[in-house]
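Some notes on the structure that comes next.
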Amino acid sequence: MKLCRIGELGKEKPAIIDKDGSYKDLSSAVSDFNPENLNFQTIDNIKKLNIKDLPTLDANSRIGACVNNPSKFLGIGLNFKDHATEQNLPIPKEPIIFSKFTNCIVGPNDNIEVPKNSNHTDWEVEI
């Protein structure tokens with residue numbers, strides 16, 4: 001099951017990608033994918049739907065952020081042995097946890113806003 005949010009920024013609809021790669025509108029079953037309703041009950045309800053009967057959304061529509069308005073966004077640094085090795089850093093004994101602003105979550109093809117005074121952007125962190 002591949003869930004996504006489809007539509008222009010701020011007007012995304014919850015959707016499922018069917019076996020043919022079409023975006024099927026789930027807004028009749030769930031208002032959005034957000035912290036309040038992205039749970040096992042919602043997933044179980046979606047599994048009961050006949051996906052082919054759902055309205056098809058425009059295939060050229062923007063794919064939005066995977067979740068709307070999350071309460072927090074945590075990152076784990078050096079979470080792969082190879083990553084620590086390539087950075088010439090010791091493998092941490094405990095996870096390196098850091099937070100990010102939730103408004104930085106974007107869709108897979110959206111532009112990423114680099115801060116005006118940024119000197120360096122790392123694809124493994126910002127992107």
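For what it's worth, our numbering labels the leading residue of the sequence shown as 1, then goes sequentially.
No residue lacks a Cβ here, since even glycine has one placed at the ideal position from N, Cα and C.
In terms of CA proximity to Lys-52, Leu-26 leads the group Asn-34, Leu-26, Ile-43. A contact between stretches requires three or more CB pairs, one per stretch, nearer than 8 Å, and the segment 107–122 fails this requirement with the segment 73–82. When DSSP assignments are scanned along the segment 21–104, the uninterrupted stretches of alpha helix (DSSP H) that are 4 or more residues long and fall wholly within it turn out to be 40–47, 81–86. Contact annotation: Val-30 and Asn-45 have beta-carbon atoms nearer than 9 Å.
In this structure Asp-18 is not in contact with Lys-11, their Cβ atoms being roughly 22 Å apart against a cut-off of 8 Å. A contact between stretches requires three or more CB pairs, one per stretch, nearer than 8 Å, and the segment 60–68 fails this requirement with the segment 91–101. Straight across, the Cα-Cα distance linking Gln-87 with Asp-122 is about 12 Å. Shown here for Ile-43: same chain residues with a beta carbon closer than 8 Å to its own, the five before and five after excluded, namely Met-1 in chain order. Just measuring C-alpha positions, the residue of Ser-99, Lys-100, Gly-77 sitting nearest Leu-89 is Gly-77.
Around Thr-56, the same chain offers Ser-22, Tyr-23, Lys-24, Asp-25 as residues with beta carbons nearer than 8 Å, after the five sequence neighbours per side are excluded.
Taking C-alpha positions only, Asp-110 is separated from Thr-102 by approximately 15 Å.
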